[in-house]
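Take a look at the structure below.
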Amino acid sequence: MNRRDFHKTCLMFGAGALTGTATHAGEQASGPSIETHREPARNLPVRNFDVVVAGGGTAGVVAALAAARQGAKTMLIERKGYTGGTVTEGGTALHSFFNLWQAFGVKKRQVVQGIPQTIVDRLMAVGGCSGHAEMLKGYEYDSVCTAVDVELYRLVTMEMLDEAGVFMALNTLLTDAIVERDRVRGVIAESRSGREAIYAKAFVDCTAYGDLAAFAGAKSSVPNDYASCNSIGLANVDLDRYFEYLKASGGSNQVAYGLRSGQPGKVVRFNGGLGGDFAKEAREIGMSSMITTVHDNYIMFVKCSYKVPGSVIDRDDMARAELEVRKRMAKAAELFRKYVPGCEKAFVARTSPSLCIRRGRLIACDYDITHEDVIEGRHLRRFVQHDQNRPVVGQDPTRPRTRSRP
Ligand SMILES: Cc1cc2nc3c(=O)[nH]c(=O)nc-3n(C[C@H](O)[C@H](O)[C@H](O)COP(=O)(O)OP(=O)(O)OC[C@H]3O[C@@H](n4cnc5c(N)ncnc54)[C@H](O)[C@@H]3O)c2cc1C
0 MNRRDFHKTC LMFGAGALTG TATHAGEQAS GPSIETHREP ARNLPVRNFD VVVAGGGTAG
60 VVAALAAARQ GAKTMLIERK GYTGGTVTEG GTALHSFFNL WQAFGVKKRQ VVQGIPQTIV
120 DRLMAVGGCS GHAEMLKGYE YDSVCTAVDV ELYRLVTMEM LDEAGVFMAL NTLLTDAIVE
180 RDRVRGVIAE SRSGREAIYA KAFVDCTAYG DLAAFAGAKS SVPNDYASCN SIGLANVDLD
240 RYFEYLKASG GSNQVAYGLR SGQPGKVVRF NGGLGGDFAK EAREIGMSSM ITTVHDNYIM
300 FVKCSYKVPG SVIDRDDMAR AELEVRKRMA KAAELFRKYV PGCEKAFVAR TSPSLCIRRG
360 RLIACDYDIT HEDVIEGRHL RRFVQHDQNR PVVGQDPTRP RTRSRP
């Protein structure tokens with residue numbers, strides 16, 4: 000950096016730029032720099048737990064609750080300021096996790112119960128869930144729609160974790176793994192309180208990106224074979240007028256009735272496609288017309304998809320994708336105002352804080368869950384191991400070991 004560039008940088012970014020970065024002024028963010036900066040070694044404060052759960056989404060909340068309720072001293076590390084993850088940001092419904100009948104050609108059965116069902120019960124009690132609303136039409140993809148109010152989902156799960164005594168490290172990013180002799184001994188986490196090491200006996204990676212496993216050296220790939228998506232919530236709509244209009248013009252090919260604004264038997268999911276120009280313009284922005292809600296006058300879920308060019312674990316590829324999807328979401332709201340009866344004065348009341356992915360890293364696992372495991376609701380209580388003498392990450396060494404899955 001020459002003298003002129005140096006002064007320019009200081010003027011633009013203030014004193015912080017002097018101390019923190021090796022990036023040259025004017026250098027574009029794209030492409031890795033060949034210049035490196037050696038971080039000085041330092042001692043970190045250590046915390047000790049029995050179980051560390053990384054990521055507080057659907058999986059992490061349940062894992063942390065299960066561990067804490069077994070009496071384990073449990074820490075949940077979540078990079079955002081709330082729990083709930085993708086369900087509260089992109090999905091807004093829990094349908095496929097619980098009930099898999101018509102859509103999968105199996106007999107009617109709720110395959111997920113236990114702690115996840117207690118979350119649904121708690122949500123129902125505060126008006127934050129449609130219940131397991133069975134699809135009366137269009138159950139090829141989902142047998143049931145279990146729509147959730149995303150704000151209440153966050154609150155209820157945080158309350159449950161608090162009640163169970165889980166130490167919630169929110170706004171905390173897991174940045175590395177401490178590996179000793181092929182075992183995860185600890186993790187490194189960073190927050191505004193600083194950088195710290197956390198040791199535990201067991202670790203559960205629920206980051207959806209396989210961050211912890213990858214930091215620990217697990218083999219992984221990033222196929223990027225699904226579109227990423229974000230969803231919006233549209234408020235100030237006349238939902239019943241919209242649905243009646245659809246019925247009058249041929250109906251919706253998806254319908255489920257459940258609890259909405261405290262009233263049972265209300266439509267909570269339908270396909271709101273109108274055809275014509277609406278459909279054409281919707282296709283251009285990857286917008287799905289599948290609608291879910293648990294409130295009157297609110298469309299909780301309108302999805303815009305986008306296949307990220309590049310990699311879903313590349314910061315800069317994702318930054319460009321974030322902008323593209325935000326443009327698509329704004330356009331989606333316009334389409335509703337322009338074409339949909341009852342939505343003339345709709346506005347965007349919710350977006351996801353960041354782009355949701357369908358698939359991040361694929362970790363090479365000792366056992367891959369199969370389609371049959373899922374639709375038969377099989378319990379995978381035992382672990383598969385390549386080496387009998389080497390405990391796998393997270394395994395309780397006191398448990399009997401086995402080579403085969405039941
Ligand atoms: C638009 C959309 C529609 C969907 N529809 C359906 C559907 O109809 N049926 C269905 O079954 N599934 C659906 N899904 C998928 C489903 O929502 C996800 O598979 C599920 O929510 C993933 O849960 P999870 O706990 O594995 O991950 P997530 O919920 O993504 O949780 C991961 C958590 O880890 C945190 N985290 C990540 N990295 C770090 C780190 N390094 N340090 C700390 N915290 C970290 C994240 O902030 C997040 O809270 C949909 C997804 C989307 C986006």
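Residue numbers (numbering that gives the first Met the number 0): 0 to 405.
Glycine is no exception: its CB is placed at the ideal position from the N, C-alpha and C atoms.
Source: prediction; values computed, not measured.
- The beta carbons of Arg327 and Cys303 sit about 4 Å from each other, so the pair counts as a contact at 8 Å.
- Taking 7 Å as the cut-off, one finds at least one heavy atom of ligand 1 near enough to the beta carbon of Tyr208.
- In chain order, Leu135, Lys136 and Phe269 place their CB closer than 6 Å to the CB of Val254, counting only its own chain and leaving out the 5 sequence neighbours on each side.
- For Ser142, the shortest C-beta to heavy atom distance toward ligand 1 is 7 Å or greater.
- With a contact defined as Cβ atoms closer than 8 Å, Asp49 and Lys200 qualify at about 5 Å.
- Distance from the C-beta of Glu77 to the nearest heavy atom of ligand 1 is below 7 Å.
- Lys306 has its Cβ no nearer than 7 Å to any heavy atom of ligand 1.
- Minimum Cα-Cα distance from Glu243 among the listed residues Leu122, Asp224, Pro340 and Ala363 corresponds to Pro340.
- Linking Ile177 to Val52 through their CA atoms gives a straight-line distance of about 15 Å.
- Beta-bridge partners assigned by DSSP to Lys279: none are found.
- Annotation for Gly113: the continuous alpha helix (DSSP H) segment containing it runs Gly113 to Ala124.
- Scanning its chain for C-beta atoms nearer than 6 Å, with the 5 sequence neighbours on each side dropped, one finds around Thr73 the residues Val50, Ala63, Ala66, Ala67 and Val165, in chain order.
- Cys228 has its CB nearer than 7 Å to a heavy atom of ligand 1.
- Per DSSP, Tyr305 is not a residue of any alpha helix (DSSP H); the beta strand (DSSP E) it occupies stretches across Tyr297 to Tyr305.
- Between the alpha carbons of Leu93 and Phe346 lies a distance of about 25 Å.
- Gly54 is the residue among Gln69, Gly54 and Ser220 whose C-alpha sits nearest the C-alpha of Met167.
- The beta carbon of Gly376 sits closer than 6 Å to the beta carbons of Val110 from its chain, once the five residues preceding and following it are set aside; these are given in chain order.
- In the assembly as shown, Asp210 is a buried residue. Its beta-carbon has 16 or more other beta-carbons within 10 Å.
- Using a Cβ distance threshold of 8 Å, Val45 and Ile374 do not count as a contacting pair.
- Residue range Val254 to Arg259 is occupied by the beta strand (DSSP E) that includes Tyr256.
- At a threshold of 7 Å, Ala102 does not count as near ligand 1, since its beta carbon sits no closer than that to any of the ligand's heavy atoms.
- By alpha-carbon distance to Leu273, the top candidate from Glu283, Gly261 and Ser288 is Ser288.
- For ligand 1, a non-hydrogen atom lies closer than 7 Å to the CB of Thr85.
- When the alpha-carbon of Met299 is set against those of Leu151, Ser142, Glu321 and Thr57, the nearest one is in Leu151.
- DSSP places Ile374 in the helix class (H, G or I) of the three-state scheme.
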